[in-house]
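Numbering (our numbering), first residue to last: 3 to 170.
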C-alpha cells in the first residue's frame, strides 16, 4: 500500500515582513540538496511574527520537539549500553552509529527530516541567548514560519530509516 510521508517543520527567520520570511523558507528548501520533498507548503495561517502573542509559546514548543528527539536518541544509546561516550570506540557500525550520526546533526545544526525546529538565521536547531535578546529588542523583525513537506512513497520504497526491526 502506498502512503504519503509528511513532516512539519518550524523555521525561525528574520525579515521585514511575512512575504520576505516565507521567501527565505522557500529558498532554503529549493537550495538544499539534502532534504527533498515532492511538495513543500508554507502554512501562512500558522505564521507568527515576533510581536504576536503566540510567538514565544510556539517557538518554545518547536524547540521542545528537537529536545525531545535528542533525548529519545540519547535514550536509545543508553538502552543499548552506549550512554557513555567513552564506549563509542567499541560501537559496531549500523543502527547505533546511525543514531550517533543523527545526534551529531542535531547538535551541529545540520537540518534533517527529523528537525522539528530550525533556526535559519544561525543554521541551528536552537536559539542562542544573543539571538533571543535581539528578538526581544526588535520582535517585528522575526518570524516563525510553519512548512509542511510531503512526498508520496510507494510501498517498495518504505524502509525504517533509523530504526532496526522492532524499533519502528
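The C-beta atom is built at its ideal place from N, Cα and C for all residues, glycine as well.
This structure is a prediction, so every number in the text was calculated from the model and none was measured.
Residue 30 - DSSP class collapsed to helix/strand/coil | Correct three-state label for residue 30: helix.
Give a yes or no on whether the C-beta atoms belonging to residue 15 and residue 145 are separated by under 7 Å.
-> Yes, these two residues count as a Cβ contact at 7 Å.
Which of the three DSSP states, helix, strand or coil, is assigned to residue 115?
-> Three-state result, residue 115: coil.
Taking the DSSP output, what are the residues bridged to residue 153?
-> 7, per the DSSP bridge assignment.
Backbone CA spacing between residue 85 and residue 34 [nearest angstrom] = Between residue 85 and residue 34, the C-alpha separation is close to 32 Å.
Where residue 89 falls: helix, strand or coil (DSSP) = Residue 89: helix per DSSP, three-state reduction.
Do you know how far the Cα of residue 37 is from the Cα of residue 112?
-> Answer to the nearest angstrom: the Cα atoms are 11 Å apart.
Leaving out five residues before and five after residue 30 in sequence, what residues of the same chain have Cβ atoms less than 7 Å from its Cβ?
-> So the list reads 122, once near-sequence residues are dropped.
Around the C-beta of residue 140, are 16 or more other C-beta atoms found within 10 angstroms, so that it is buried, or is it exposed?
-> Under the 10 Å beta carbon count, residue 140 is surrounded by fewer than 16 other beta carbons and is classified as exposed.
Just checking my contact of residue 115 with residue 28 at CB under 8 Å: how many whole Å lie between their CB atoms?
-> With a contact defined as Cβ atoms closer than 8 Å, residue 115 and residue 28 miss out at about 18 Å.
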